[in-house]
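This report refers to the structure that appears directly beneath it.
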Amino acid sequence: MVPSSWRKDLAYFGQHYLIYFLPVTFLVYLILESYQIDFRSFYLAGKSILEGLDPYLNYVGLRPEFYGPVNSETAPFSGFRYPPLAALVLAPLGKLPYATAKALFTLAMIALLGVLSFHLVRRSRFTIPGEALLFMMVSFPVLALVERGQVDSLVLYLTVLAYWLSQSRPWRGLAAFLLAFAGVFKVFPLVVLIFYGVRRQWRFIAYTLAWTVGLWVGPYLYLGRSVYENFYRRSLPAYFGEIASEWPMDLHGQGIALGKIVQSVDADDLLVTHDFVNGFMNPLLSSSPVGSLIVGTLLAGLILLVMQRRPLDFQFYAFLNVINFFNPVSWI
Numbered sequence: 001m002v003p004s005s006w007r008k009d010l011a012y013f014g015q016h017y018l019i020y021f022l023p024v025t026f027l028v029y030l031i032l033e034s035y036q037i038d039f040r041s042f043y044l045a046g047k048s049i050l051e052g053l054d055p056y057l058n059y060v061g062l063r064p065e066f067y068g069p070v071n072s073e074t075a076p077f078s079g080f081r082y083p084p085l086a087a088l089v090l091a092p093l094g095k096l097p098y099a100t101a102k103a104l105f106t107l108a109m110i111a112l113l114g115v116l117s118f119h120l121v122r123r124s125r126f127t128i129p130g131e132a133l134l135f136m137m138v139s140f141p142v143l144a145l146v147e148r149g150q151v152d153s154l155v156l157y158l159t160v161l162a163y164w165l166s167q168s169r170p171w172r173g174l175a176a177f178l179l180a181f182a183g184v185f186k187v188f189p190l191v192v193l194i195f196y197g198v199r200r201q202w203r204f205i206a207y208t209l210a211w212t213v214g215l216w217v218g219p220y221l222y223l224g225r226s227v228y229e230n231f232y233r234r235s236l237p238a239y240f241g242e243i244a245s246e247w248p249m250d251l252h253g254q255g256i257a258l259g260k261i262v263q264s265v266d267a268d269d270l271l272v273t274h275d276f277v278n279g280f281m282n283p284l285l286s287s288s289p290v291g292s293l294i295v296g297t298l299l300a301g302l303i304l305l306v307m308q309r310r311p312l313d314f315q316f317y318a319f320l321n322v323i324n325f326f327n328p329v330s331w332i
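If you count the sequence shown from 1, position 96 lands on 96 in our numbering, and the numbers rise without skipping.
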């Protein structure tokens, strides 16, 4: 049973904050008419895992149902850029028809956003204004989550939940696992270890790194060396070389009509984009991972210095906002 305090807080949250989630009705419209090119990459990666294929290779030349608009097209590599663990986690979605999979995935991401919002508001003792949630629901990250099919609400929720749990000694082991899982899923959540380092929480960092190694090595035993090599090539081609294809590429008549409408064998006449994107967050560093790492580190240090007299929660939330500067291909 849910404790009475939780029931009361849920009721209060619903009564005073639920109205600010009305933009969800617009998001449902986006789900129905968007092709979700980023989720398409996740879906095909999971489908590849189920069929014993490499999630980082483009198989459209052999099988038309592996068409990935924009992110891969006729390139030798697939649109999937995430670590191998992500492909394994998302593999069950590859069993479903694409339209069903993308709808279920996106609804789950929106639900996680709602759960995170409730926890944040409850932790603030309901001092967060509802307008802040309204602003969040129409912000670019949420629009991109729905239009493109991204996993940011999942990794954000795991990262924030790990922070909350890390403040209670009995839960620190679980907190370390959750942060490691988020990091092995999308890499960049591990940047928050800088925050824990400044706080001198060395044991928690050690636990997190131990879990990270375990979660990184585990899929290797199943997927093999070649998949990991292609992940490195896909992520850092300048250092590890380009992925090469062993077969000719043919889209089998699929493509993007009128610049926006996807024509494919399993999800026809959906929009590839609504032009919500303005450009790279770091346009001068979009091709420089090392430069982004340096700039991100400097900005992280600056935000911690500026926020050092603020409550610990505020410091952590502020630090989360600089993580995207470590990513050279972040969009706004």
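Glycine included, C-beta positions come from ideal geometry on N, C-alpha and C.
Treat the numbers as computed from the prediction; the structure is a model and nothing was measured.
Rounded to the nearest whole angstrom, the CA to CA distance from L221 to G214 is 11 Å. Distance from the CA atom of F66 to the CA atom of V60, rounded to whole angstroms, is 5 Å. Sequence-distant partners of L251 (beyond 5 residues in either direction) whose C-beta falls short of 8 Å from its own C-beta, in its chain, are V60, P64, Y67, E73, T74. L85 and V322 have their C-alpha atoms some 25 Å from each other.
Taking all protein chains shown into account, K95 has fewer than 16 neighbouring C-beta atoms within 10 Å of its C-beta and is therefore exposed. Separation of I303 and R310 (C-alpha to C-alpha, rounded to the nearest whole angstrom) is 11 Å.
Between A45 and L90, the gap from beta carbon to beta carbon is short of 8 Å.
In this structure P76 is in contact with A244, their Cβ atoms being roughly 6 Å apart against a cut-off of 8 Å. In the structure shown, G259 falls within a coil segment according to DSSP collapsed to helix, strand and coil. Runs of the alpha helix (DSSP H) lying entirely within the stretch 194 to 234, each at least 4 residues long, are 202 to 223 in chain order. One thing to note: L193 has its Cβ no nearer than 8 Å to the Cβ of L154. Assignment of L96 by DSSP, reduced to helix, strand and coil, places it in the coil class.
Within a 10 Å sphere around the beta-carbon of T25 sit fewer than 16 other beta-carbons, which makes this residue exposed. Beta-bridge partners assigned by DSSP to S34: L271. As DSSP reads the structure, F314 sits in no beta bridge. Under a 10 Å Cβ-count criterion, A87 is classified as buried, with 16 or more other Cβ atoms of the shown protein chains found around its own Cβ.
For V70, the closest C-alpha among the options T106, G173, G255 is that of G255.
For L298, the secondary structure class from DSSP, reduced to helix, strand or coil, is helix.
Apart from sequence neighbours up to five positions away, the residues of its chain that approach T212 with a beta-carbon distance below 8 Å are A180, G183, V184, L190, ordered along the chain.
Sixteen is the threshold: when 16 or more other Cβ atoms of the shown chains lie within 10 Å of the Cβ of Y196, as they do, the residue is buried. Relative to the Cα of L305, the nearest Cα in the group Y232, R199, V265 belongs to R199. F77 sits in a strand when the DSSP states are folded into three classes. For V160, the uninterrupted alpha helix (DSSP H) segment begins and ends at 152 to 166.
A distance of 8 Å or more separates the beta carbons of D313 and R148.
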